[in-house]
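In my numbering, the protein residues as written are 82 to 583.
Ideal Cβ placement from N, Cα and C applies to all residues, glycine included.
Since we're looking at a predicted model, the values are computed, not measured.
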């Protein structure tokens, strides 16, 4: 096996494929002496039947696990400066009566195909400016890598990136069908600058579905002379409706949101996109324009699902990548739990230095307008999972990826109990577990009666496993080894359908 090594300083579990960021020398930052490159590109596309290397696959587990993330992180001898720029790749593991089957395919966006033909980078990305960027590509045309999340709704599988349109994917073959604009609803037509910038309307990387509601909800943030947040609803037939547009005073990064019975909720805080002429004309990346503003107060944006009234409430400084869940209590207050970063993760630092998050519970008192924060767990956590049946409802449990304050403490999947505030964990030492998905057992009654399924990068072997844990006690159920390594990824989805050729 030939392994190509890349010069790769660390950032928050991710690697920068270059030596400099804003001119700063990063050559002293290393990921780990125990790791090969968890962000080495995977260019192979394979189909394979999987057999457990540990444990057994539960006989009642039937369905398909989809995972998306950057698959190609270089083109020729030029590497992306940030893994968020990598071209999307999807893999699926299908659990059927006839066995467990693996397939991976790259998302063949129009940009991917043009760069494949040219054998070099042609487009600007969020964190990367190609060495040879044509003048017509400089005017803020940003590549859609289709690499962040994947969702199945209205019998359609969509590869998502929050800066642009989804891509429609065949859920059986993983063939890329086309960009998907919801019958023209995501075509930029309402202002000049968004057309110039993106040529397509941004769509969320974190859509939401809640129990007893057949709709899918999402949002997009359009950055321009005027920044606005747009809320969408996609019904069970796949038809999109714009719920409302809300102007924002600042160009803030918003990655996730929550829904409760009566509200949509966003946390506005942390990084601002402070565009200069050099960012617009392509001399510097969008990532380089972000200011952390870690001492600036945050805000909670609360939107009524019925009246669409929007209110802003002052909150503590900080940033939320991902929410666990939210709900309303008996007094009408909104409770939400999130991995809360005291500042936006600094891209020039090792994850074990100053990039700390805390599991926090926020209570928004709708009568007084106060937003109170309570720290529940000080270990570094993110990428939460819950039982989908409690989404928007009061929950007891959530599961997270957790890493210690020092590299020797390793990485874990933890289960947090919001009632007795207890924590249990399954440690993976120097291996790298990713975001888990909760799959409920048939006829389950308890909230934690199910399995967690997730991907683990096995550092010493430079390979990737799909792991199944019991969700209640985090005991090992099964470990399936993939036929090749998969670069560290983003998000996932699970569907209770066996997506195989018939």
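Taking all protein chains shown into account, decide if residue i is buried (16 or more other Cβ within 10 angstroms of its Cβ) or exposed.
i, result
"residue 200", "exposed"
"residue 563", "buried"
"residue 180", "exposed"
"residue 170", "buried"
"residue 212", "exposed"
"residue 278", "Low confidence applies to residue 278: its pLDDT is 44, below 50, so where it sits in the model is not reliable, and the reading given next is rough at best. Residue 278 comes out buried."
"residue 153", "buried"
"residue 311", "buried"
"residue 205", "buried"
"residue 438", "buried"
"residue 264", "exposed"
"residue 110", "Residue placement at residue 110 is poorly supported in this model, since its pLDDT is 32, which falls under 50; the coordinates are not used for a value here."
"residue 127", "exposed"
"residue 524", "exposed"
"residue 489", "No answer about residue 489 holds up, because its pLDDT of 49 lies below 50 and its placement is not dependable."
"residue 557", "exposed"
"residue 106", "Per-residue confidence for residue 106 stands at a pLDDT of 35, beneath the threshold of 50, marking its modelled position as unreliable; the derived number appears in the next sentence. It is exposed - the Cβ of residue 106 has fewer than 16 other Cβ atoms within 10 Å."
"residue 132", "exposed"
"residue 450", "exposed"
Taking residue i as the reference, give the member of the options with the closest Cα.
i, options, result
"residue 445", "479, 347 and 494", "347"
"residue 289", "340, 125 and 550", "340"
"residue 223", "366, 535, 528 and 580", "366"
"residue 417", "424, 409 and 126", "409"
"residue 235", "251, 214 and 387", "251"
"residue 196", "163, 155, 342 and 228", "155"
"residue 576", "233, 136 and 140", "233"
"residue 123", "567, 571 and 556", "567"
"residue 542", "511, 166, 375 and 320", "511"
"residue 300", "314, 292 and 306", "314"
"residue 161", "188, 523, 500 and 121", "121"
"residue 448", "424, 198, 470 and 394", "394"
"residue 139", "368, 560 and 473", "560"
"residue 610", "506, 424, 317 and 323", "A question about residue 610 goes unanswered here, because the residues of the chain that appear run from 82 up to 583."
"residue 632", "141, 377 and 420", "Nothing in the structure corresponds to residue 632, since the chain is present only between 82 and 583."
"residue 345", "384, 125 and 325", "384"
"residue 231", "131, 539, 413 and 287", "287"
"residue 388", "574, 455, 369 and 325", "325"
Which stretch, first to last residue, makes up the alpha helix (DSSP H) that contains residue i?
i, result
"residue 192", "191-199"
Report back the beta-carbon spacing between residue i and residue j to the nearest angstrom; my notes put them in contact at under 8 Å.
i, j, result
"residue 483", "residue 492", "7 Å"
"residue 146", "residue 534", "5 Å"
"residue 382", "residue 349", "6 Å"
"residue 260", "residue 282", "Contact flag wrong, Cβ pair sits at about 12 Å."
"residue 334", "residue 306", "Not quite, the Cβ-Cβ distance comes to about 18 Å (not below 8 Å), so this is no contact."
In the DSSP assignment, find the beta strand (DSSP E) that holds residue i and state where it starts and stops.
i, result
"residue 248", "248-250"
"residue 421", "415-422"
"residue 254", "Per DSSP, residue 254 belongs to no beta strand (DSSP E) and is neither H nor E."
"residue 532", "531-539"
"residue 380", "379-385"
"residue 461", "461-466"
"residue 325", "321-329"
"residue 395", "391-396"
"residue 223", "Neither: residue 223 is in no beta strand (DSSP E) and is coded neither H nor E."
"residue 162", "No beta strand (DSSP E) contains residue 162, which DSSP labels as neither H nor E."
"residue 351", "Careful: residue 351 lies outside any beta strand (DSSP E) and carries neither H nor E."
"residue 148", "144-153"
"residue 557", "557-562"
"residue 232", "230-234"
"residue 441", "438-445"
"residue 512", "No beta strand (DSSP E) holds residue 512; DSSP gives it neither H nor E."
"residue 120", "Unbroken run through residue 120: none, as it is neither H nor E."
"residue 185", "180-187"
Would you call the stretch 450-467 and the stretch 510-521 touching, i.e. three or more CB-CB distances under 8 Å? yes
Check whether the stretch 395-402 and the stretch 451-465 are in contact - that is, three or more C-beta pairs closer than 8 Å. yes
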